[in-house]
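Q: One structure follows; several queries about it will come next.
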Amino acid sequence: MRIEILISTLNDGLFDIKINEKYIYLIVHQITLHEKIGVYEKYFLEKLKNNNVRYIQSNTIGLSKSRNIALKNSVGDILWIMDDDVEILESTHDKIINSYRNTSYDILILNHTTAKNKTSSYNIKQYKHNIISSAKIHSIDISFRKKIKEKILFDESFGLGTKLPSGEEYIFITDAIKANFSVYQTNIIASAHPNISSGVDFYSTKEKIIAKRKMLDRIFRKLSLILTILFIFKKTILLIKKKKLLSFIRYALFK
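For the sequence shown, full-length UniProt numbering assigns the number 1 to the initial residue and increments by one for each residue that follows.
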């Protein structure tokens with residue numbers, strides 16, 4: 001059973017990638033700085049290339065497009081979505097393999113830490129995800145059996161590089177749940193990432209606010225208006241503190 005790590009990177013993000021020899025890799029490198037293509041190719045050949053690492057250059061724009069290129073070209077038995085600035089922890093590989101061998105779940109959600117010395121899993125609850133609970137899943141924690149890619153891809157209308165710069169991982173997971181794939185939250189701390197803030201900042205721009213509403217429309221259909229109002233109530237104090245309540249109401253409810 002092989003775990004393939006699917007890394008999406010843009011331009012100089014290639015320089016942040018760290019390879020762990022226990023895994024196979026597919027790097028999808030979106031390049032807009034075309035004058036640096038030669039620099040990138042040289043770096044890959046000298047620093048990253050080996051028998052376990054494949055590399056695809058792309059002139060496409062958008063994180064979800066990059067993720068889908070990776071999915072369509074993947075060869076692993078277990079696929080793990082990854083960003084370029086994440087470090088895989090050394091103790092992770094066998095834990096993931098054993099978890100898949102000992103369960104019938106289709107998608108296993110891993111965990112990340114912001115400090116490599118904080119890797120205790122004792123306080124992490126394990127449970128089966130539903131459409132509501134899966135809202136808090138980060139893309140770098142998503143691993144799944146290869147059969148998922150035959151039915152589920154990322155919605156390319158959402159994600160960084162589009163007019164709707166968030167929500168793609170939530171849509172991906174809920175599409176899988178609606179397709180009767182099972183999603184389980186593990187207690188495995190698998191990677192280290194300095195910080196993940198894109199999902200926390202849902203209010204700073206018009207595009208982010210509209211993306212939140214469009215995401216709810218995409219997932220919940222007729223219930224999206226009610227859920228948007230409930231979300232506003234839940235986040236009212238934060239939005240007032242950030243002086244974004246009126247703009248959030250405007251773009252989320254009167255789009």
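For every residue, glycine included, the Cβ atom is placed at its ideal position computed from N, Cα and C.
(1) Rounding to the nearest angstrom, what Cα-Cα distance links Ser-182 and Val-39 in this structure?
(2) Under 8 Å, with one C-beta from each stretch per pair, do the segment 146-157 and the segment 88-101 reach the 3-pair mark?
(3) Is DSSP giving Asp-77 helix, strand or coil here?
(4) Taking the straight line between their C-alpha atoms, what separation do you get for Gly-62 and Leu-26?
(5) Are the Cβ atoms of Leu-164 and Glu-207 separated by less than 9 Å?
(6) For Leu-160, name the three-state secondary structure that DSSP assigns.
(7) Taking C-beta to C-beta, are His-129 and Ile-177 nearer than 9 Å?
(8) Could you tell me how far apart the beta carbons of Ser-134 and Asp-83 are, in whole angstroms, since I believe they sit closer than 8 Å?
(9) Looking at C-alpha atoms only, which residue of Asn-51, Ile-78 and Ile-140 is the closest neighbour of Ile-148?
(10) Please report the straight-line C-alpha distance between Val-75 and Tyr-170, rounded to a whole angstrom.
(11) Could I get the ranges of all uninterrupted alpha helix (DSSP H) runs contained in the segment 186-255, with 4 residues as the minimum, in chain order?
(12) Pull up the distance between the alpha-carbon of Leu-216 and that of Lys-42, whole angstroms please.
(13) I need the boundaries of the beta strand (DSSP E) containing Arg-145, first residue and last residue.
(14) According to DSSP, is Arg-2 helix, strand or coil?
(15) Using C-beta distances below 6 Å, list every residue in its chain close to Ala-70, excluding the 5 sequence neighbours before and after it, in chain order.
(16) With which residues is Leu-26 paired in a DSSP beta bridge?
(17) Identify whether Glu-90 lies in helix, strand or coil by the three-state DSSP scheme.
(18) How would you write the range of the beta strand (DSSP E) that Thr-113 sits in, first residue to last?
(19) Ignore the nearest five residues each way along the sequence and tell me which others in Arg-145's own chain have a CB closer than 6 Å to its CB.
(20) Alpha carbon to alpha carbon, how far is Ser-143 from Leu-223? Give it in angstroms, no decimals.
(21) Just reading off the alpha helix (DSSP H) that Thr-174 is part of, what are its end residues?
(22) Name the two residues that bound the continuous alpha helix (DSSP H) containing Gly-13.
(23) DSSP three-state label for Lys-128, please.
(24) Using a Cβ-Cβ cut-off of 9 Å, state whether Ile-107 counts as contacting chain B.
(25) Identify the continuous alpha helix (DSSP H) that holds Gly-38 and give its terminal residues.
A: Let me spell this out:
(1) Cα-Cα distance, rounded: 42 Å.
(2) They do not touch, by the three-pair rule.
(3) When DSSP states are grouped into helix, strand and coil, Asp-77 belongs to the coil group.
(4) Gly-62 and Leu-26: Cα-Cα distance of roughly 17 Å.
(5) It is a contact, given that the beta carbons lie within the stated cut-off.
(6) Coil at Leu-160, not helix or strand.
(7) Cβ atoms of His-129 and Ile-177: closer than 9 Å.
(8) The Cβ separation is near 19 Å, so there is no contact.
(9) Taking only the C-alpha atoms, the option nearest Ile-148 is Ile-78.
(10) For Val-75 and Tyr-170, the distance between alpha carbons rounds to 24 Å.
(11) With a minimum length of 4 residues, the continuous alpha helix (DSSP H) runs that stay inside the segment 186-255 are 206-220, 224-234, 236-241 and 245-253.
(12) For the pair Leu-216 and Lys-42, the Cα-to-Cα distance works out to about 43 Å.
(13) Segment 142-145, the beta strand (DSSP E) holding Arg-145.
(14) Looking at Arg-2 - three-state DSSP - the assignment turns out to be coil, as it is neither helix nor strand.
(15) Counting only Cβ-Cβ distances below 6 Å, and skipping sequence neighbours, we find Leu-6, Leu-26 and Val-28.
(16) Bridge pairing for Leu-26: Leu-6 and Arg-54 [DSSP].
(17) Coil.
(18) Element bounds for Thr-113: 107-113.
(19) Around Arg-145: Asp-106.
(20) So the alpha carbons of these two residues sit roughly 29 Å apart.
(21) Boundaries of the alpha helix (DSSP H) harbouring Thr-174: 168-178, taken from the DSSP string.
(22) That residue, Gly-13, is in no alpha helix (DSSP H); it is neither H nor E in DSSP.
(23) In the structure shown, Lys-128 sits in a strand (DSSP, three-state: E or B).
(24) The structure shown contains no chain B; it is built from a single protein chain.
(25) Run containing Gly-38: 37-43, per the alpha helix (DSSP H) assignment.
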